[in-house]
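Numbering (my numbering), first residue to last: 13 to 216. Virtual Cβ for every residue (Gly too), placed ideally from N, Cα, C. Since the structure is predicted, the reported quantities are computational estimates derived from the model, not experimental observations.
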């Protein structure tokens, strides 16, 4: 493989997450610290992380630019989700990206026209965005009362499971399996974004 493939896959996998970092998170030291802190905690500890943030929220609000903003919790959840996304994307894709510098190429079994390197780059990109969306929805669900919160938490768990299992289509013998996997991930992402937008609209 050539350097063109390496940098193409690199930017495909990490373009969205790097753009978010430099355009939004890097401008605020508080957001950077929250990102780094969240890297140590993974999916099973999402609820515990929410409880921690709930206790820290009054202090964080004191030093934030808009202490009384109803969107502070969502911003905190977003940058924490960024930390999760950064961790998983680095762990899952860097070894594959390094392999792309080698002399050979491995094609996707379900879609021989695409290389495994590019398929993994697209999957990494989608999962990075999904992790941020899941964290925002989960925090909102944990804070909400009654059945609405339970539905949001249920959506996070179900869509996380569904998106993860969809990656099995990449190595299957089903024709266009990796395309189906990407479509599933895009659908989960769009629904998650719609849930977040609806939640933001209610906070206005």
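According to DSSP, residues forming a beta bridge with residue i
{"i": "residue 123", "result": "120"}
Integer-rounded CB distance, given that residue j should sit under 8 Å from residue i
{"i": "residue 97", "j": "residue 148", "result": "That belief does not hold up - the Cβ atoms of residue 97 and residue 148 are roughly 12 Å apart, past 8 Å."}
{"i": "residue 62", "j": "residue 151", "result": "5 Å"}
{"i": "residue 137", "j": "residue 28", "result": "6 Å"}
{"i": "residue 212", "j": "residue 32", "result": "About 17 Å; that fails the 8 Å criterion."}
Check whether residue i and residue j have beta carbons under 8 Å apart
{"i": "residue 181", "j": "residue 193", "result": "yes"}
{"i": "residue 188", "j": "residue 122", "result": "yes"}
{"i": "residue 104", "j": "residue 117", "result": "no"}
{"i": "residue 17", "j": "residue 134", "result": "no"}
{"i": "residue 139", "j": "residue 175", "result": "yes"}
{"i": "residue 200", "j": "residue 109", "result": "no"}
{"i": "residue 215", "j": "residue 83", "result": "yes"}
{"i": "residue 120", "j": "residue 21", "result": "no"}
{"i": "residue 205", "j": "residue 132", "result": "no"}
{"i": "residue 164", "j": "residue 196", "result": "no"}
Within-8 Å CB hit, residue i to chain D
{"i": "residue 62", "result": "Given the protein chain composition of this structure (a single chain), no chain D is represented."}
contact_flag[the stretch 96–113, the stretch 150–167] where n(CB pairs < 8 Å) is 3 or more: no
Residue ranges of each alpha helix (DSSP H) within the stretch 143–194, 4 or longer: 158–178
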